[in-house]
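Working notes, beginning with the structure itself.
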Amino acid sequence: MPRSILYPELRRLLDAGAQLVEVLPREEYAEERLPGAINIPLKRLDAETTADLDKRKAVVVYCWDAL
Amino acid sequence: MSPRAACRLEALGFKQVYDYLPGKVDWLARGLPREGEKAGQRRAVDVARDDAATCGPKERMGEVRPRVEASPYGFGLVVSERGTLLGRLRKVALDDDPSSRAEDVMEPGPSTIRADTPLDQLHDRLDRRGLKTAVVTTPEGVLLGVVRRDDLNETQG
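Quick note, the sequences are listed as chains A and B, same order.
This note's numbering puts the first sequence at residues 1 to 67.
This note's numbering puts the second sequence at residues 1001 to 1157.
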């Protein structure tokens, strides 16, 4: 089951080379995003759009906030 | 949205999936680097200064007062060892008994703003309240700096 994390854990994962995925719509990603994040909007999240992600490495997803 | 995305990734065979639940709002509020079309827009953290006098909660006012008087502000900020903002020392507190501890004379829980507050909003807020400064902290309350209204006036042109 995916684990929810806060900033300190995110920092640790990013420092260890985790992959970062913003799942918001493309327009919001284009406006402002975390450095190094790629964009896969939730509605387009499937085997094809995630093919470039490395399944052996950690993946961190995020959207706008917890609401 | 992100919890659903995390579950979806697991269903697709990813074994190490994490959900940064506080999201982009949390990251931006920390004043951390950002990319994108709006990344160049200046926010509170971009004009915040680190020249406010700070002290620990156990420090005596006799030690703190000279530091505050040497700073550009008429107040001091009390922070924990980890940098969390605990309170503000107003002018009246600076004149207190020199043996008083900062934690005993500080105003606890001063008003703060987040690092990603847009400068025009911040300018309006300070104008409405007749304030000359705003204290910038992370979502956990770690002190990032102080914004001066004079600096905003220059920025606003």
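Ideal placement from N, C-alpha and C gives every residue a C-beta, glycine not left out.
_Rounded to whole angstroms, what is the Cα-Cα separation between A/V61 and B/V1017?_
The residue given as residue 61 of chain A occupies position 61 in the first sequence. The residue given as residue 1017 of chain B occupies position 17 in the second sequence. In a straight line, the C-alpha of A/V61 is about 8 Å away from that of B/V1017.
*Taking Cβ-Cβ distances shorter than 7 Å, what residues in chain A pair up with B/R1008?*
Taking the second sequence and counting its residues from 1, one reaches residue 1008 of chain B at position 8. Under the 7 Å cutoff, chain A gives L45.
*Per-residue burial, A/M1 [other beta carbons within 10 Å of its own, 16 or more giving buried]*: As a first step, residue 1 of chain A is located in the first sequence; it is residue number 1 there, counting from the start. Its Cβ having fewer than 16 others within 10 Å, A/M1 is exposed.
*Using a beta-carbon distance below 8 Å, is A/I38 in contact with chain B?*
As a working note, residue 38 of chain A is residue 38 in the first sequence. No, A/I38 lies away from the interface with chain B (no Cβ there is under 8 Å from its Cβ).
*asked:* Looking at chain B, is there any beta carbon in it that lies within less than 8 Å of the beta carbon of A/A16?
replied: The sequence position of residue 16 of chain A within the first sequence is 16, counting from 1. A/A16 does not count as touching chain B.
*beta strand (DSSP E) segment containing A/Q19, residue limits*: Here the question's residue 19 of chain A lines up with position 19 in the first sequence. Residues Q19 to E22.
*Does the beta carbon of B/E1069 come closer than 8 Å to any beta carbon on chain A?*
By 1-based counting over the second sequence, the position of residue 1069 of chain B is 69. It does not; no Cβ of chain A falls within 8 Å.
*Which residues in the same chain as A/T50 place their Cβ atom closer than 7 Å to its Cβ, once the five residues preceding and following it in sequence are excluded?*
What you label residue 50 of chain A is simply residue 50 of the first sequence in a count that begins at 1. Answer for A/T50: I40, listed in chain order.
*Consider the Cβ of A/R12: report whether some Cβ of chain B lies at a distance smaller than 8 Å.*
As a first step, residue 12 of chain A must be located in the first sequence, where it is residue number 12. Not one chain B Cβ lies under 8 Å of A/R12.
_Integer-rounded CB distance, given that B/L1144 should sit under 8 Å from B/V1047_ = Here the question's residue 1047 of chain B lines up with position 47 in the second sequence. Here the question's residue 1144 of chain B lines up with position 144 in the second sequence. Going by Cβ atoms, the distance from B/V1047 to B/L1144 rounds to 11 Å, so no, they are not a contact pair.
_Which residues does DSSP list as the beta-bridge partners of B/T1054?_
Counted from its first residue, the second sequence places residue 1054 of chain B at position 54. In the DSSP output, where bridge partners are listed per residue, B/T1054 has B/L1077.
*In this structure, does DSSP put B/E1010 in helix, strand or coil?*
Within the second sequence, residue 1010 of chain B is the residue found at index 10, counting from 1. Three-state DSSP puts B/E1010 in a helix.
*asked:* Tell me which residues of the region 1007–1030 of chain B have at least one Cβ-Cβ distance to chain A shorter than 8 Å, keeping chain order.
replied: C1007, R1008, L1009, E1010, L1012, G1013, F1014, K1015, Q1016, V1017, Y1018, D1019, Y1020, L1021, P1022, G1023, K1024, V1025, D1026, W1027, L1028 and R1030
*Specify, as a first and last residue, the run of the alpha helix (DSSP H) that B/G1023 falls within.*
Numbered from 1 along the second sequence, position 23 holds the residue referred to as residue 1023 of chain B. Taken as a continuous stretch (DSSP letters only), the alpha helix (DSSP H) holding B/G1023 covers G1023 to A1029.
*Using the rule of at least 16 other Cβ atoms within 10 Å of the residue's Cβ for burial, across every protein chain shown, is B/R1042 buried or exposed?*
On the second sequence, position 42 is the one that residue 1042 of chain B refers to. With fewer than 16 Cβ atoms within 10 Å of its Cβ, B/R1042 is classed as exposed.
*Does A/D65 have its Cβ less than 8 Å from a Cβ in chain B?*
Residue numbering aside, residue 65 of chain A sits at position 65 when the first sequence is read from its first letter. Answer yes: the Cβ-Cβ gap between A/D65 and chain B drops below 8 Å somewhere.
*Within 10 angstroms of the Cβ of B/D1124, are there 16 or more other Cβ atoms? Answer buried if so, exposed if not.*
Walking along the second sequence from the start, residue 1124 of chain B turns up at place 124. The residue is exposed, with fewer than 16 neighbouring Cβ atoms inside 10 Å.
*Under 8 Å between C-beta atoms, does A/R26 make it to chain B?*
Start at 1 with the first residue of the first sequence, and residue 26 of chain A comes out as number 26. Chain B contact via Cβ: absent.
_Can you tell me where the beta strand (DSSP E) holding B/D1150 begins and where it ends?_
Sequence index remark: in the second sequence, residue 1150 of chain B carries index 150 (1-based). From DSSP, B/D1150 is part of no beta strand (DSSP E) but of the alpha helix (DSSP H) over R1149 to T1155.
*Measuring CA to CA, which of B/V1079, B/L1009 and B/V1146 is closest to B/P1108?*
As a working note, residue 1108 of chain B is residue 108 in the second sequence. When only C-alpha atoms are compared, the closest one is B/V1079.
_Which residues in chain A have a C-beta closer than 8 Å to the C-beta of B/G1040? List them in chain order._
In the second sequence, counting from the first residue as 1, residue 1040 of chain B sits at position 40. Result: empty, since nearest Cβ-Cβ is about 10 Å, beyond 8 Å.
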